[in-house]
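Read through the structure below, which is laid out as structure tokens, and then see the notes.
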Amino acid sequence: MHAKPDPGRSQSVSGILRTEQRPLQTSTPSTSPFRGTDVFFPSNKPLNSKQNSILLFLNIGIYLSIELATMSSANPDYKWRPVPTNHFRYLRACMVCAVVLTLDEFTRKGCPNCHPVLDYTTGSDLAQMCTSPIYEGCISIDKPTESWIAKWLRLDKYVPGVYATKVVGDLPEDAMDYLNAENIEYIPRDGSENNLE
1 MHAKPDPGRS QSVSGILRTE QRPLQTSTPS TSPFRGTDVF FPSNKPLNSK
51 QNSILLFLNI GIYLSIELAT MSSANPDYKW RPVPTNHFRY LRACMVCAVV
101 LTLDEFTRKG CPNCHPVLDY TTGSDLAQMC TSPIYEGCIS IDKPTESWIA
151 KWLRLDKYVP GVYATKVVGD LPEDAMDYLN AENIEYIPRD GSENNLE
């Protein structure tokens with residue numbers, strides 16, 4: 001004897017998982033039609049550890065994909081930030097502003113903070129001289145003006161992105177002259193700003 005399918009539930013193709021739509025229990029209205037989707041196993045049998053792992057993985061994947069889709073569609077002010085790619089061994093930090101990108105991104109797009117003064121797109125020599133592959137720590141800043149860590153590291157006037165907490169290296173004299181000509185105060189990112197007069 002076959003039971004009639006519940007109209008509120010839909011059986012997946014594999015027959016392993018079912019989804020059920022429920023309203024989101026929040027005070028704000030939902031902007032995504034996928035919110036409130038629960039994934040669970042249809043049987044009443046207890047789940048083993050492998051099934052629990054699969055269930056957790058699916059729930060996290062669904063949640064992240066929904067949140068990313070909602071973030072980009074519901075917020076018209078949402079913009080992509082300068083975030084480093086997956087080529088971690090090629091990452092470098094700008095010695096002036098400490099933003100972390102690959103050398104290729106510095107030479108193609110320039111530094112998002114220093115571009116008006118130091119144009120890294122003119123050639124890879126300037127980008128190699130003014131960036132360093134040796135840095136410590138990474139922080140991701142989304143709202144620099146509101147972040148206490150951005151204020152503490154003096155990054156609150158820069159664009160959102162990934163920044164190094166300490167950059168090892170000496171800025172070339174030519175770059176220092178460019179900064180002085182534009183009346184820009186150079187703050188060493190290697191922790192030696194206390195030694196400057």
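Just so you know, the sequence shown maps onto residues 1 to 197 in UniProt numbering.
From the three backbone atoms N, C-alpha and C, an ideal C-beta is built for every residue, glycine too.
Do you know how far the Cα of residue j is from the Cα of residue i?
| i | j | result |
| --- | --- | --- |
| T121 | F106 | 7 Å |
| L118 | A175 | 7 Å |
| D156 | P144 | 4 Å |
| A127 | R108 | 10 Å |
| S147 | I187 | 19 Å |
| A181 | L171 | 15 Å |
| P112 | Y158 | 8 Å |
Could you check what DSSP says for residue i in three-state terms: helix, strand or coil?
| i | result |
| --- | --- |
| R89 | helix |
| Y163 | strand |
| Y120 | helix |
| I149 | helix |
| C94 | strand |
| residue 205 | No answer is possible for residue 205: it lies beyond the span of the chain, which begins at 1 and ends at 197. |
| N113 | coil |
| D125 | helix |
Using beta-carbon positions only, say whether residue i and residue j come within less than 7 Å of one another.
| i | j | result |
| --- | --- | --- |
| R154 | A98 | no |
| I134 | I149 | no |
| T131 | R89 | no |
| G191 | T165 | no |
| D142 | P160 | yes |
Are the C-beta of residue i and some C-beta of chain C separated by less than 7 Å?
| i | result |
| --- | --- |
| T107 | This model lacks chain C altogether, as it is built from one protein chain only. |
For residue i, list the residues DSSP reports as bridge partners.
| i | result |
| --- | --- |
| I141 | G161 |
| Y135 | V167 |
| L101 | R92 |
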